[in-house]
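Student: Count along the sequence shown from 1, add 725, and you get the number used in my numbering. Beta carbons are placed, not taken as given, at the ideal position from N, Cα and C, and that holds for glycine. Note that the structure is predicted; figures quoted are calculated from it, not measured. One structure is given below, represented as C-alpha cells, and several questions about it will come after.
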Amino acid sequence: MKITFFFAELFLLDLFTCCHAYPQYPLPDIEDAAFIEDYVRAHNKFRSKVNPPASNMFRMSWDAALAKTAKAWAKKCKFKHNIYLKVPRKVHPTFTPVGENIWTGTATIFSVDTALSDWFNEVSSYNFHTNKCAGMCGHYTQLEDQRLRIMASRFSACMLALLHVCRSAGSYEPPTLPDVGDPKFIEECVQTHNRFRSGVNPPASNMLYMSWDPDLAKTAKAWAKRCLFKHNTYLKDPGQAHPKFTPVGENLWTGSLSVFTVQGAITSWYDEVSAYNYATNKCRGACGHYTQIVWATSYKVGCAVHFCPSVAYSSITNAAHFICNYGPAGNYPVRPYKTGAACSDCNGEQCASQLCQNAERDKVISDSKWRPDWDRPACDEYCITIIALRPLLLVLTILATWLLPKYWSIAPASE
C-alpha cells in the first residue's frame, strides 16, 4: 500500500510540474502593470532607433485581447507559430492577420529586454535598401513594421508569446524526439537547409538543391547515440559513413532538450555567416558549420537527434544531441560557392528558388542493407538488467537442482 501511495504522489508531482509554472521562477501575468510597461517601453525603444531613421513609425501600445491570445498559445508550450493567426476573429476581434514573435529560454535568464533584444538583433541580417535578409530577420521586421497602425489613442498591441514555465516548454520530451524516418522532421531539415542555401549573400551561381539521404541519417543517428560532442572519427573512411560518399561532412549541435528545434539548431550554424568574409575566404572565428550548410556541391543531407542524459566533452545534461551529415563533404580550402546570377552555372538544370535542381540527383535513395560497421547495438536498460540478474538466476538454478532431489526423495512412494 505504501508503494502505491508513493507512486501516486510521484505521478501527481510530475503532473503538477508539467502543467504549472515552477514556483521558484514566478512569471508576471498579462495584467501586471510593470510587465505591460516594460514590454511597451522596450518595443518603442527599438522602434525609435531604427537605421535609417523612420518617417512614419507609429507608437506602439498595449492590447489586452492580443495578450490573451499570446497567453493562450503560450500555455500549449509549443515552439511554433499560432495556427490561427490568419483566421478572422480567432486571435483578435479586429486585426486579421495578427503578427507574432516567439522567444523560448530558461526561466532563470528570462527578461523583457533579453527576449526583445534577441529579436531586434536580427537587424544585422536585414538590408533596408534591398528589403532582403541574409538570414533570419522576421522577428526584427515585425518589431519595426510601420504598417502596424496601433495608436495610443485608440488601439494598442504587443505581438508576444508569453511562455510560462513548463517542464519542457516549447520542445520535446525524450520519447517524442523525432526519428530519422519522421516525414515532418525530414521536411524541416531539408527545407531549412535549402532556405539558407538559396539566400546566400553574395548570391550563388552554382548552388545545388539539397535533398534527403537516409544512409547519411543512419550515420548521424549511430554517432548521436554515443553522446559525444566530437566529430565522427569514421567520416574519412571509405564505406564507414556512407556507401557512396567519402569523406562525409558533419555539423553538430548540443543543447538543452527544452530549447531544441530543428530550425533553431540549423540557424545557429548558419549564423556563423557573420564571421565569414567571402571576398577573402577567411573567418574571424568559427564558421565551418556555416560553410558546410552553403557548400554548393554538397547536395545530400541526413540528420538525427538523440536524447543524452549527459554529453561527453560538454557540460550540458538532459541534452538533445543533433547531428547532420553531408555528401559530398564540403569545407575544402576554397570558397563554398561561385558567386554570380542565381543558377547561371547550373549547366542547363532546372532553377527553382535560386537552386539548381536535377530530378535524378534529388531522388531519395537508400541502401537498405547498409549500415555503419562501427554501429554496434548498445546495452540498454533491459540488457543491463538481464546481465545483473544472471548471477542470481544461476544461484537459484543451483539451489533448485540441489533441493528438488531431496524433496522427491522424501515423498511417499506410491503402491
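When you compare the CB positions of VAL765 and SER786, do they come within less than 8 Å of one another, or not?
Tutor: yes
Student: Helix, strand or coil, according to DSSP, for CYS914 in the structure here?
Tutor: helix
Student: Nearest CA to the CA of ASN856: which residue from GLY924, ARG1009, TYR1001 and SER1093?
Tutor: GLY924
Student: Is the segment 925-941 touching the segment 951-959, taking contact as three or more C-beta pairs under 8 Å?
Tutor: no
Student: Is the segment 1040-1059 touching the segment 1015-1028 in the sense that three or more CB pairs, one from each, lie closer than 8 Å?
Tutor: Result yes; three or more Cβ-Cβ pairs closer than 8 Å.
Student: Would you kindly check if the distance between the Cβ of LEU1080 and the Cβ of ASN919 is under 8 Å?
Tutor: yes
Student: Just how far apart, CA to CA, sit CYS1033 and TYR995?
Tutor: 24 Å
Student: Can you check whether the CB of TRP1095 is closer than 8 Å to the CB of PRO968?
Tutor: yes
Student: Hey, out of SER1023, GLY1065, PRO777 and MET782, whose CA is closest to PHE970's CA?
Tutor: SER1023
Student: State the Cα-Cα distance for the pair THR944 and PRO777, rounded to the nearest angstrom.
Tutor: 48 Å
Student: Looking at C-alpha atoms only, which residue of VAL1030, SER1040, TYR1062 and HIS956 is the closest neighbour of ASN1002?
Tutor: Ranking VAL1030, SER1040, TYR1062 and HIS956 by Cα distance to ASN1002 puts TYR1062 first.
Student: Below 8 Å CB to CB, which residues in the same chain sit around HIS956 once its five sequence neighbours on both sides are set aside?
Tutor: GLU975 and LEU977
Student: Just the Cα atoms here: how many angstroms apart are PRO972 and THR958?
Tutor: 11 Å
Student: Does the beta-carbon distance from TRP1144 to GLN965 come in below 8 Å?
Tutor: Here the chain covers residues 726 to 1140 and nothing more, so residue 1144 does not appear.
Student: Which runs of the alpha helix (DSSP H) fall wholly inside the segment 990-1032 and span at least 4 residues, in chain order?
Tutor: 1013-1018
Student: I'd like the list of long-range same chain contacts for ASP938, defined as Cβ closer than 7 Å, with 5 residues on each side in sequence excluded.
Tutor: LYS1025, VAL1026, GLY1027 and GLY1052
Student: Exposed or buried, LEU1121, counting other C-beta atoms within 10 Å across all chains shown (16 or more means buried)?
Tutor: With fewer than 16 other Cβ atoms within 10 Å, it is exposed.
Student: Who are the near neighbours of ASP1092 in its chain, counting only those whose CB is closer than 8 Å to its CB and skipping five residues on each side?
Tutor: ASP940 and PRO968
Student: Ends of the alpha helix (DSSP H) at LEU941?
Tutor: 939-949
Student: So the candidates are ASP788, PHE771 and ARG784; which of them puts its Cα closest to the Cα of ALA758?
Tutor: ASP788
Student: Could you check whether ILE1048 and TRP948 sit closer than 8 Å to each other, using their CB atoms as the reference points?
Tutor: yes
Student: Could you tell me the boundaries of the alpha helix (DSSP H) in which LEU791 lies?
Tutor: That run of the alpha helix (DSSP H) goes 789-799.
Student: Got a sec, what are the start and stop residues for the beta strand (DSSP E) ASN976 sits in?
Tutor: 974-981
Student: When the Cα atoms are used, what is the spatial distance from PHE910 to ASP904?
Tutor: The straight-line gap from Cα to Cα measures roughly 8 Å.
Student: Look up TYR1051 in the DSSP assignment and give the residues it is bridged to.
Tutor: As DSSP reads the structure, TYR1051 sits in a beta bridge with GLY974 and VAL1026.
Student: Using CA coordinates, which residue listed in VAL987, ILE1090 and ALA1029 is at the minimum distance from TYR917?
Tutor: In the sequence under discussion, the amino acid at residue 917 is Thr, which differs from the Tyr named in the question. The residue with the shortest Cα to Cα distance from THR917 is VAL987.
Student: On the three-state DSSP scale, how would you describe ASN852?
Tutor: Reduced to three states, the DSSP call for ASN852 is strand.
Student: Helix, strand or coil: how does DSSP classify ALA758 here?
Tutor: helix
Student: SER993 to SER1035, Cα distance in whole Å?
Tutor: 21 Å
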